[in-house]
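When you line the sequence shown up against our numbering, it's residues 1091 to 1493, in that order.
For each residue, glycine too, the CB sits at the ideal point set by N, CA and C.
Structure first, then comments.
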Amino acid sequence: MQTLSTHRWSSAFARRTQGASGELAAILELAGGTDLISFAGGLPDPQTFPVAVLRDLAMPLLSGDAAVALQYSPTPGLPGLRGAFADRLAETQGRRPGAGELMVTSGTIDALGLLARAMLDPGDVAAVESPTYLGAIDGFRGYEADVRGIPVDEDGIDTDELERLCRSDSPPKLLYTIPDHQNPTGITMSAERRSTLVEVCRRHGVLVIEDVAYRELTFISEPLPSLWSLGPDIVVQAGTTSKTFFPGVRLGWAVGPREVIAQMVVAKQNSDQCAGALGQRLLEEYLRGGHMDRQLRLSNALYSQRCARMLAALDEYMPAEISWTRPRGGFFTWLSGPGRLDAVDLARKARDAGVAFVPGRPFHPHADGANKLRLAYSLASEDEIDEGVARLGKLITSTLENR
């Protein structure tokens, strides 16, 4: 009879894994819960998935192009999809990538991992907005970077603080930012801040990573210039189609300086080797057929309506001591309370009341944000938004009165 080992493998884990939080998995688990109203995960609504279009595209593709669609793809991506991405960037951002300046990725998180592998040595300083997407914090720490937070206000990242960090004894090698409808705050960086950020980073030789996951999910008609369009020599733009096409395909792009993209391609050869070819061909046909813009109009109308409903519910049910951002796109609003509000404790109580949200602390590199929380309105129905915010407002009021 075989004896099962009682060896504890945790002692053998690589040092670089010790800072990993596991928060992303926990958020996705909460978002998928069926026994509660979830404002936790930033998931797109399945009714925005282009099922009928995909059905029409898939059969001809499999019949006529199976040798490409079902095969491995080149590590930088299939030429057809790279061309479609380049055309879309030229149309929507006013700049076309040059040869070797664009690659296909398996979503934004893949691009961040490739950049971390290509750029960061242990101890290198990586600057991020504080708060920011927690996947970036964990990703950079996974390569033993020294992650430094730079505060944000209603106009985006504090460029004066960025300048001070760049002039310090520990300047950053790279800066990660989400200029449009930021995760988690919903804030959009002003045009002036964008120009200043590019100037500061160019002056100090800092590589900018621009995450545009929510850029096209906008409730305003005139988009602000992307950082990549302002500074293609110092900016790598990481994009994803998970929110605009559908997340199951796991596709995105990275565009930036040729030598950086080339090093990312080398890094991808040693990770997942290539993005899935079938998804690439589907996405290329989807883009070439003009379906993306039609779907975005429907998606943005839906998310704009839900955002408005969320803000109206917050106006009605939240106590005066709570403030929140008013997004112009994206999936999130960010709530701030007085110092005595403990968002982690509140999350436990809210779960018992049938409501889920994400406490603010994981979005900060240095465990700030104890009195802040993120609400996602993208997946909740309007009735759920009303009921969930009412429950949460009642719970916050009671919590503050008892502290």
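query                                                                                                                    : result
Three-state class that DSSP yields for Phe1422 in the structure shown                                                    : strand
Limits of the unbroken alpha helix (DSSP H) element including Trp1318                                                    : Leu1317 to Leu1320
DSSP state of Ala1121 mapped onto helix, strand, coil                                                                    : With a pLDDT of only 48 at Ala1121, under the threshold of 50, the placement of this residue in the model should not be trusted; the figure read from the coordinates follows. It is helical.
Arg1464 - DSSP class collapsed to helix/strand/coil                                                                      : strand
Distance CB(Leu1210)-CB(Ala1217) smaller than 8 Å                                                                        : no
In chain order, each beta strand (DSSP E) run of at least 3 residues that lies wholly inside the segment 1283-1355       : 1297-1301, 1325-1330 and 1342-1345
For Met1193, the nearest candidate out of Ala1159, Thr1330, Arg1145 and Leu1133 (CA to CA)                               : Thr1330
Neighbourhood of Gly1450 by C-beta distance below 6 Å, restricted to the same chain and skipping five residues each side : Ala1433, Gly1459, Lys1462 and Leu1463
Where Pro1140 falls, given that 16 or more other Cβ within 10 Å makes a residue buried                                   : buried
Given Ser1258 as reference, the closest of His1294, Leu1224, Glu1244 and Gly1225 once Cα atoms are compared              : His1294
At least 3 beta-carbon pairs within less than 8 Å: the segment 1393-1401 vs the segment 1440-1449                        : no
DSSP state of Ser1260 mapped onto helix, strand, coil                                                                    : coil
Check whether Arg1283 and Gly1232 have beta carbons under 8 Å apart                                                      : no
Option in Thr1195, Pro1187, Ala1189 and Gly1190 with minimal Cα separation from Ala1365                                  : Thr1195
Integer-rounded CB distance, given that Ala1159 should sit under 8 Å from Leu1368                                        : 5 Å
Beta-bridge pairing of Tyr1266 - partner residues as DSSP gives them                                                     : Val1218 and Ile1299
Simplified DSSP state of Met1193, which is helix, strand or coil                                                         : strand
Proximity to Tyr1393 [Cα-Cα], best of Ala1446, Gly1321 and His1271                                                       : His1271
Gly1154 - containing beta strand (DSSP E), residue span                                                                  : Premise fails: Gly1154 lies in the alpha helix (DSSP H), Val1141 to Gly1154, not in any beta strand (DSSP E).
Cβ neighbour criterion (16 or more within 10 Å) applied to Phe1421                                                       : buried
Validate contact between the segment 1341-1359 and the segment 1165-1183 using beta carbons, cut 8 Å, 3 pairs            : yes
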